[in-house]
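Residue numbers (the working numbering), protein chains in the order written: chain G, 3 to 116; chain C, 379 to 490. Just so it is clear, CB atoms sit at the ideal spot from N, CA and C, and this is done for glycine as well.
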């Protein structure tokens, strides 16, 4: 079985500050890991994915995440927050790139302070 | 990536009725998934829908409550049957395969 834990249901950062959203996973097989973003009244948009090709993954909108097997973590970061980054962020784990179910964390709501 | 259209985008329904949600994709896809997002919560997989076979349901979800059709490689429907207020959620379809799952905008359903 797979699971995801996202620490911090709400995170607030000042505009221009570092964004750090935490994700820890549990998986009995090599995991595929994903970060999705959900803006109000919209579906989920893929930010980035880890597929074992590289431990540091760069995504859209300046986000990146680092896979750390020893810590079973896949934290999401962005060097400088922008007002448009305010949204709900979900970390997810799967046994394949796109053919198996996604198991989601509980989400982190990111608020940007002007 | 595939463009996914979900209909309706939102609806308000009376308890005891049923609603069918449509998911249309602009290209042929093998895997389609249906998720539920209850208010303020994360997404939970309801079922996986492959063309030409019965949908595979996750624990806690049954076909009588959430019947799914997958008549071809570009279309699927999810019906929420005999609705109660607890069914008020966002229902999202996604498509998978060789790429990460890509989601539609969801159907926001409220039950009175």
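Judged by DSSP in its simplified three-state form, residue 474 of chain C adopts strand.
The beta strand (DSSP E) runs lying completely inside the stretch 397-427 of chain C and spanning 3 residues or more are 397-403, 409-415, given in chain order.
Listed by position along chain C, the residues whose Cβ is nearer than 7 angstroms to that of residue 101 of chain G are 409, 474, 475. Annotation for residue 473 of chain C: 380, 403, 407, 410, 480 place their beta carbon closer than 6 angstroms to its own, counting only its chain and skipping 5 residues before and after.
Setting aside the 5 residues that flank it on each side, residue 31 of chain G is surrounded in the same chain by 97, each with a C-beta closer than 7 angstroms to its C-beta; the list follows chain order. Close to residue 417 of chain C, with beta-carbon spacing below 7 angstroms, lies no residue of chain G; the smallest spacing is near 12 angstroms. Less than 9 angstroms separates the beta-carbon of residue 77 of chain G from that of residue 68 of chain G. By the criterion of a C-beta distance shorter than 7 angstroms, residue 425 of chain C is surrounded in its chain by 412, 433, 434, 435, 436, 439, 444, 446, once the five residues flanking it on both sides are discounted. Rounded to whole angstroms, the gap between the alpha carbons of residue 3 of chain G and residue 102 of chain G is 12 angstroms.
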